[in-house]
Amino acid sequence: MPGSIISIDESMIPWRGRLLFKQYIPGKAHKYGVKMYKLAATNGYVWNYVIYTGEQDSTAGVGHAQTVVMKLLDGLDGCYRTVVADNFFTSISLAECLLEHDTYLIGTLRTNRVGSGGRILEENLSRGE
């Protein structure tokens, strides 16, 4: 079992051959390949992974990133873990969903994310809140 702090990130498996779900991401070191999302423990071991095969992976009414995170965390809920993720995965709806499963989320929130950014910018917070 992974520890109390786990991280979620995406990776590219380099691949130049023919493949139906091969991705092209110009900003990555390996521009062509198979995109995968992974859940790793603090010791570096990959606990779970999901291979991105296209748009059909998304659940209706839920964002793609939230669907991926919930698939990766399948079987780990109720253990009061902390998930560390980058701004691709982080959203208020994901944080609320994870809290229902006794899991916490740490990550940078994009202000232009649909359903997230406006709520944060409207709040008047004082230092330390």
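Residue 0 is where the sequence shown starts when you use numbering that gives the first Met the number 0, and the numbers rise one by one after that.
Glycine included, each C-beta is placed from N, C-alpha and C at the ideal position.
I believe residue i touches residue j by the beta-carbon criterion, under 8 Å. Please report the beta-carbon distance rounded to the nearest angstrom.
i	j	result
residue 68	residue 7	6 Å
residue 72	residue 104	Not a contact, Cβ separation roughly 11 Å.
residue 106	residue 85	6 Å
Whose C-alpha, out of the options, is nearest the C-alpha of residue i?
i	options	result
residue 40	12, 83, 13 and 14	83
residue 10	17, 1, 22 and 3	22
residue 34	42, 18 and 43	18
residue 93	124, 61, 74 and 123	61
residue 63	1, 79 and 49	49
residue 5	76, 124 and 95	76
residue 42	70, 110, 20 and 3	3
residue 110	101, 95 and 90	90
residue 15	32, 28 and 24	32
residue 28	13, 20 and 36	13
residue 101	36, 30 and 74	74
residue 47	30, 1 and 125	1
residue 78	99, 70 and 65	99
residue 81	127, 88, 125 and 97	97
residue 20	51, 30, 36 and 26	51
What did DSSP end up calling residue i once you bin it into helix, strand or coil?
i	result
residue 6	strand
residue 0	coil
residue 13	strand
residue 124	coil
residue 34	strand
Item checked: Those runs of the alpha helix (DSSP H) which lie wholly inside the stretch 40 to 111 and span at least 4 residues -> 63 to 71 and 91 to 99
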